[in-house]
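Single-structure report; data block below.
2 protein chains.
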Amino acid sequence: MQTDDLSGDELVQVLATLANPHRMRVLAALAGGRNYVSQLARELGISRALLQVHLKRLEKAGLVSATLELSEDGKAMKFYEVTPFVLHLTPQALAGAARTLTTPNDAEKDS
Amino acid sequence: MQTDDLSGDELVQVLATLANPHRMRVLAALAGGRNYVSQLARELGISRALLQVHLKRLEKAGLVSATLELSEDGKAMKFYEVTPFVLHLTPQALAGAARTLTTPNDAEKDS
DNA sequence: GGCACATGCCAAAGATTATTGGCAGGTGCC
DNA sequence: GGCACCTGCCAATAATCTTTGGCATGTGCC
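Chains as they are written, first to last, in this note's numbering: chain A, 1 to 111; chain B, 1001 to 1111.
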């Protein structure tokens, strides 16, 4: 995943997703290797419910991916891992992304 | 301004600032050259009050800088311009930033 | 003075996020 | 059965962010 693969709206979403301490830590933890929800929650010291919300947000933004697996002893475990990505943000890159923004209000007066 | 000049908290702030359509457009517009508030508001088709809020946020994040100048005819005009920056975001870079995060709750159980 | 343009700020309402706690389901094991 | 572990989801609250409209300041000019 790279900066210009994304539309302006997608980029906004990705940035919004990254702009959170919890999610940043989750990503950092997963950068060290895949892990499953409960375990990850313990390692990060946050509640499972909270972690789950953040993981979903990360997944929706395409920053992590999940796989449901069955452990040897039959427990269902959901493993998450980071999606490799490289975002190169500069004023120019953002200017490019801005062009593909879906204007919420709309500010196009000229053609 | 580069990715690793920033502490985790600062990076979060910068990302949160970038993650907004209006601010992205403002940055895009300023990437094309400096401009003053009222004019910029007209070009973007948003209210001055709204633009001002976003400009302040951008300035606080260090993404733009302002200069108050007097036009030939005595009008006070505040010019804004983008701060050159290059953010290189990868899972690893974020992992590094995550280490310097000021934990809101605190999740340090081990040393 | 009245008009056009520039700035700044604020209070209030609306919309979106973040977080908690509980309850549901499922498995294996003593 | 009871306990420990895994998953998922929801409703409610708290905390933040976004946006508007108005009002106040100042300038030059007819």
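A virtual CB, placed ideally from N, CA and C, is assigned to each residue, including glycine.
Predicted model, so just to flag it, every value in this text is computed and none were measured.
Less than 8 Å separates the beta-carbon of Leu-1051/B from that of Leu-1040/B. One Cα belongs to Arg-1099/B, the other to Gly-1008/B, and the distance between them is close to 7 Å. Taken atom to atom, the span from the alpha-carbon of Phe-79/A to that of Ala-28/A is near 15 Å. Rounded to the nearest whole angstrom, the CA to CA distance from Glu-10/A to Asp-73/A is 40 Å.
Taking a beta-carbon distance threshold of 8 Å, Met-1001/B does not count as an interface residue toward chain A.
Residue-level contact by beta carbon holds for Gln-1092/B and chain A, with a gap shorter than 8 Å. DSSP, reduced to helix, strand and coil, places Glu-69/A within a strand of the structure shown.
Legend: CB atoms of the stretch 1050-1082 of chain B lying less than 9 Å from CB atoms of chain A belong to residues Leu-1063, Val-1082. For Lys-1056/B, there is no enclosing beta strand (DSSP E); the residue is found in the alpha helix (DSSP H) stretching over 1048-1060.
The residue from Leu-30/A, Ala-97/A, Ser-47/A, Leu-89/A with its alpha-carbon nearest to that of Glu-59/A is Leu-30/A. Here the C-alpha atom of Leu-1101/B lies approximately 23 Å from the C-alpha atom of Tyr-36/A.
Flagged as an interface residue toward chain B: Gly-8/A, by a C-beta distance shorter than 8 Å. Of all alpha-carbon atoms in Met-24/A, Val-26/A, Val-12/A, the one lying nearest the alpha-carbon of Pro-1021/B is that of Val-12/A. Closest by C-alpha distance to Ala-1066/B, out of Lys-1075/B, Ala-1076/B, Glu-1081/B, is Glu-1081/B. Asn-20/A has a beta carbon lying within less than 8 Å of a beta carbon in chain B. By the criterion of a C-beta distance shorter than 8 Å, His-1054/B is surrounded in its chain by Asn-1020, His-1022, Arg-1023, Val-1026, once the five residues flanking it on both sides are discounted.
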